[in-house]
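A.B. asks: Would you mind keeping the following structure in view while I ask a few things?
Residue numbers (my numbering), protein chains in the order written: chain A, 1 to 310; chain B, 1001 to 1344; chain C, 2001 to 2495.
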């Protein structure tokens, strides 16, 4: 008796969530697929009764467009470079944090700070740090910025990192630094949490045997932490493929230096660029993005199944 | 795992064995003391190394914050020096004032970005979106989590699995359709009108477009359901015997017991509103501008140059609230974060 | 198990229906105008909305003139507002077309209209023009006495019948180039807009500096190069000139060379050619010598500030922005500002080297036109038409508007001269007014040289891309080929 009553009650409780999910999650999944496979689809055209035929034109138009290839390349490269660097660095910091006693909380708090900031706002700070002011050919810039000042203080030569004449490598370096800086706190938090749960006896056993710290790190710590490492790598990859805010933070919506619009555009950037007038293409790109994330996650899971010790 | 350790031990044992002859030759009491001493020295050295490494990394992590703070109190002239100084020669608060009050000359703004930035409105809008969407979202989440944790109904597990499956899909995939849905050919919430004369209706519709699509987070439902499940069933049955209604039980027992999770959700949701950029920038425009959109979009210029000190002052004001929240709710934030893996 | 899945599907279907029904309520497409049998009904109140980009001062002039319009047509209520800048006005309207909440009349640029046409929302004006279907139709308009007061018979207005459409005389009063912009759409056979007020680009120069160093205002690009060299010799830290809009620069050069920019028929994007590459390269070399800066190169800030603060000697910018070209903060202007037409391939004056009397100068025509939107209610369309006709052909309004902004009136100088306000404005000696008058004057002298680039779906992308291309190559000349390719590809992709 009670059970039957629970039936409708349960659905009642779920109703608000289901309505919102239905409109803003389930329908988008169906509709994105639909739009992706209707050639040249745009919602304005649909409103006017323009017919669209089924096919792969959106996909070919997306893949065949060199700026999309740039977006794809940027996204892949930034992810492939920043995820290992930030994971490695986070691991070292976490292990170091785990090996000290005084000031541990203090350092822990500092390393978490980048997480509780607005990444676009802080991106603007990075821009300010790397930026030169008053760049004009044939003249010394008005200001070379703090990073260049530090470089010159150590005897280096200044570089145009992010301004009008900046090159690919310089931009890339700045983006990698910023993205890694941004990605560290979460990874440190997770890895440190993992380390604190590791049974001390493994270390004691290793220590008794007189293994060096380096050996312990590679042969005990890393294997014991492997589930956590797998977790931060997978979430890192997923986040990396959706990169957009970091570029906006540094460069603003030109997605590149002032005179090189779209140079650092990403997959998500491409989708957003097409969202208002070319929903067919945007959908195709979103489906491609989903496929990549799905594939990479599967690969990651497969690799971790072989390597991760539970 | 234990296999691994064993192997490791074997390896180490064999390497020790190779070194042994040396040790035997040098054996003796003094030697043992010396070894102990050497080990202490080594330990201290390692500790020094660790602290050095951590300090260097901490400086790298903190430097942008430092640069933001000191830049915000510099004069533009000092900031624009060929080699900017690491410590301001002259502290000024004008930049903060310039964020709220423009200096006019003949009808032309010569300093400040108050008119175009409208920081007060941005803060208010963002808090409004944050608070309303958090409250509504909590209600929806609690109800759904309760249904999944406590009630029995047909298709529960399948539905729950399906919902979890949607978490796999990147949010950008939803954005496209949602953009159309909230747009003029759908719900008509989107309006692209610019600042000069936004009507209340436009603002309200834009507000809806910012709040409603993100009311339900499957992840939060999942988190809370896990939490609810840990509450022993006996409590529920006892309550039933006492004749307590479901809602009352939910309110009196389950919610207090899952307070930490609810607090985590609240904070993450508020942070999300504060940091959100893509969606508000796409749909709300001027009609309901949120803080990040306003900050990124404003041109901080005095004469023909970007006024970095002014910009940094704005960045400080946008960054500060989050840092304050962090100081008070460190535990909840870190807890929620380590489980979610999502920023905001 | 089967039942379970059934329930889920049901829930899914339910929520989807909600989604569909929510997403399915778009606005309907409005019909092309057809004249009702009874014509314009002056007894029924009709409301129209007008969107523009005017600032407070210009809106003030409009608000002052609307009551004058209402004297003639008391039943029309005009609401006007500015949804923001040029981009906002288009996006706003396109959004509103969705639920038919769009305005009836709007400020427009040709590429906006191209988009409204795509949406089947723009109303053609041909039927109202000389030779059109409604050429001989009349409309009832309240009679005014000599003082401009409404003539009444008791409580009722006294009406007179006047032509509904544009008379031949009214048509002839427009500056031809401006009037003809209205029919540059798609196949060029239909008219969608009338000109409201226009601007062009001119050189603002530091007359004191030029006099002091005995320099002449350059009339050609070659002379400009010599000028830059001379300025750099005088003081290396000066910027000889600034050019606000890279896109205008590119388009103007295409037009002067006749080398091809875009076309609304056949192949749309013609700008990737040897001539264009050559001039971009040439200007990039100038940039490397520090001869100029532009808006994008100047961190997206208008360059007028460089000019008024005497960091640059000349500024090529819009006459619509004349007010910004003079430092009005002090008691007296720090230097005298002169205005001259923009450089050409061959000089204007016969005493300059290379003069060719057969050469046709080309200067860009910018500034708003107005278009009308389709509406199923013919009264609204008629009211909109009467509004547009009134303001575009009203000499007093055109004069006041021009005096306030420095924009050029759209009516011929001989027509404008009949107006006292305009005459006064042109003869005003107060510095900032005088400068605006001078800008108008210089602009009007070249009323036969104006060009507009064709408008079609994708023309705004082309404009944006050539601007970006110029800025990119100026900073990194070695990217010339790549930037041209990229711009072409992007144009093709987004059209």
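Glycine included, every Cβ here is placed at the ideal spot set by N, Cα and C.
#1: In whole angstroms, what separates the C-alpha of residue 1312/B from that of residue 250/A?
#2: Residue ranges of each alpha helix (DSSP H) run of no fewer than 4 residues wholly in the segment 2233 to 2294 of chain C, ordered along the chain?
#3: Quick one: what does DSSP say residue 102/A is sitting in, helix, strand or coil?
#4: Indicate the three-state DSSP secondary structure (helix, strand or coil) for residue 2167/C in the structure shown.
#5: Rounding to the nearest angstrom, what Cα-Cα distance links residue 2386/C and residue 2036/C in this structure?
#6: Tell me which residues of the segment 109 to 143 of chain A have at least one Cβ-Cβ distance to chain C shorter than 7 Å, keeping chain order.
#7: Does DSSP classify residue 36/A as helix, strand or coil?
#8: Could you give the DSSP three-state label for residue 1300/B: helix, strand or coil?
#9: On a CA-only basis, which of 32/A, 129/A, 8/A is nearest residue 1169/B? Give me that one, please.
#10: Residue 2488/C by DSSP, collapsed to three states: which one?
#11: Take residue 233/A as the anchor and find which of 139/A, 190/A, 101/A, 45/A has the nearest alpha-carbon.
#12: Establish whether the CB of residue 20/A and some CB of chain B are separated by less than 8 Å.
#13: For the candidate residues 2377/C, 2081/C, 2406/C, whose alpha-carbon lies nearest to that of residue 2428/C?
#14: Does the beta carbon of residue 1194/B come closer than 8 Å to any beta carbon on chain C?
#15: Beta-carbon within less than 7 Å of residue 1280/B's beta-carbon, same chain only, minus the 5 sequence neighbours each way: which residues are those?
#16: Can you list, in chain order, the residues of its chain whose CB lies under 8 Å from that of residue 2239/C, leaving out five sequence neighbours each side?
#17: Apart from the five residues just before and just after residue 1007/B, which ones in its own chain have a Cβ nearer than 7 Å to its Cβ?
#18: Label residue 2198/C either buried or exposed according to how many other C-beta atoms from any shown protein chain fall within 10 Å of its C-beta, with 16 as the threshold for buried.
#19: Can you tell me which of 169/A, 230/A, 63/A puts its alpha carbon nearest to the alpha carbon of residue 84/A?
#20: Does the distance from the CB of residue 2491/C to the CB of residue 2462/C come in under 8 Å?
#21: So residue 2104/C and residue 2375/C are in contact, right, with Cβ under 8 Å, and what is the actual spacing, rounded?
#22: Report the neighbours of residue 44/A on chain C: residues whose CB is nearer than 7 Å to its CB, in chain order.
#23: Nearest CA to the CA of residue 2316/C: which residue from 2143/C, 2338/C, 2404/C, 2170/C?
#24: Determine the chain A residues that contact residue 1154/B at a beta-carbon separation under 8 Å, and present them in chain order.
#25: Could you check what DSSP says for residue 1341/B in three-state terms: helix, strand or coil?
#26: Determine the chain C residues that contact residue 65/A at a beta-carbon separation under 8 Å, and present them in chain order.
#27: If you scan the segment 1228 to 1301 of chain B from start to end, which runs of the alpha helix (DSSP H) of 4 or more residues do you find wholly inside it?
#28: Three or more beta-carbon pairs under 8 Å between the segment 2212 to 2227 of chain C and the segment 2352 to 2364 of chain C, yes or no?
#29: Excluding the 5 residues preceding and the 5 following residue 129/A in the sequence, name in chain order all residues of the same chain whose CB lies nearer than 6 Å to its CB.
#30: What is the DSSP secondary structure of residue 2024/C, reduced to helix, strand or coil?
#31: Give me the Cα-Cα distance between residue 168/A and residue 40/A, rounded to the nearest whole angstrom.
#32: Checking contacts by CB at 8 Å: is residue 69/A closer than that to chain C?
#33: Return the first residue and the last residue of the alpha helix (DSSP H) that residue 2462/C is part of.
#34: Relative to the C-alpha of residue 2397/C, which candidate in 2029/C, 2056/C, 2066/C has its C-alpha closest?
#35: Can you list, in chain order, the residues of its chain with a C-beta nearer than 8 Å to that of residue 2228/C? Leave out the 5 residues immediately preceding and following it.
#36: If you count every other CB in all the chains shown that lies within 10 Å of the CB of residue 2120/C, and 16 or more means buried, which is it?
C.D. replies: If we stick to the structure as given:
#1: Those two C-alpha atoms are separated by around 14 Å.
#2: You should have 2246 to 2257, 2274 to 2288.
#3: Reduced to three states, the DSSP call for residue 102/A is coil.
#4: Per DSSP, reduced to three states, the secondary structure at residue 2167/C is coil, with no helix or strand assignment.
#5: Rounded to the nearest angstrom, the two C-alpha atoms are 16 Å apart.
#6: Flagged, chain order: 136, 137, 138, 139.
#7: Residue 36/A: helix per DSSP, three-state reduction.
#8: Reduced to three states, the DSSP call for residue 1300/B is coil.
#9: Cα-wise, what sits closest to residue 1169/B is 32/A.
#10: Per DSSP, reduced to three states, the secondary structure at residue 2488/C is helical.
#11: Among 139/A, 190/A, 101/A, 45/A, the Cα nearest to that of residue 233/A belongs to 190/A.
#12: Yes, its Cβ sits closer than 8 Å to a Cβ of chain B.
#13: The residue from 2377/C, 2081/C, 2406/C with its alpha-carbon nearest to that of residue 2428/C is 2406/C.
#14: Bear in mind that the predicted position of residue 1194/B carries a pLDDT of just 37, short of 50, making it too unreliable to give a figure here.
#15: So the list reads 1210, 1290, 1293, once near-sequence residues are dropped.
#16: Annotation for residue 2239/C: 2290, 2291, 2292, 2293, 2306, 2311, 2312, 2313 place their beta carbon closer than 8 Å to its own, counting only its chain and skipping 5 residues before and after.
#17: In this predicted model, residue 1007/B has a pLDDT of only 43, less than 50, meaning its place in the structure is not dependable enough to derive any value.
#18: By the neighbour-count definition (other C-beta atoms within 10 Å, threshold 16), residue 2198/C is a buried residue.
#19: Residue 84/A has its Cα closest to that of 230/A, out of 169/A, 230/A, 63/A.
#20: Taking the C-beta atoms as reference points, residue 2462/C is found nearer than 8 Å to residue 2491/C.
#21: Their Cβ separation, rounded to whole angstroms, is 7 Å, which keeps residue 2104/C and residue 2375/C in contact under 8 Å.
#22: 2119, listed in chain order.
#23: Residue 2316/C has its Cα closest to that of 2338/C, out of 2143/C, 2338/C, 2404/C, 2170/C.
#24: Here the neighbours are 7.
#25: Since pLDDT at residue 1341/B reaches only 48, below the 50 mark, its modelled position is unreliable, and no value is offered.
#26: Within chain C, the residues near residue 65/A are 2489, 2493.
#27: If we require 4 residues or more, the alpha helix (DSSP H) runs fully inside the segment 1228 to 1301 of chain B come out as 1233 to 1242, 1246 to 1249, 1259 to 1275, 1278 to 1283, 1291 to 1297.
#28: Cβ pair count under 8 Å is three or more, so yes.
#29: So the list reads 146, 147, once near-sequence residues are dropped.
#30: Unreliable positioning characterises residue 2024/C in this predicted model, as indicated by a pLDDT of 35, which lies under 50. A coordinate reading is not provided.
#31: If you draw a straight line from the Cα of residue 168/A to the Cα of residue 40/A, it is about 33 Å long.
#32: Among the CB atoms of chain C, none fall inside 8 Å of the CB of residue 69/A.
#33: The continuous alpha helix (DSSP H) containing residue 2462/C extends over residues 2459 to 2475.
#34: For residue 2397/C, the closest alpha carbon among the candidates 2029/C, 2056/C, 2066/C is that of 2066/C.
#35: So the list reads 2240, 2241, 2286, 2289, 2291, 2292, once near-sequence residues are dropped.
#36: Burial call: exposed.
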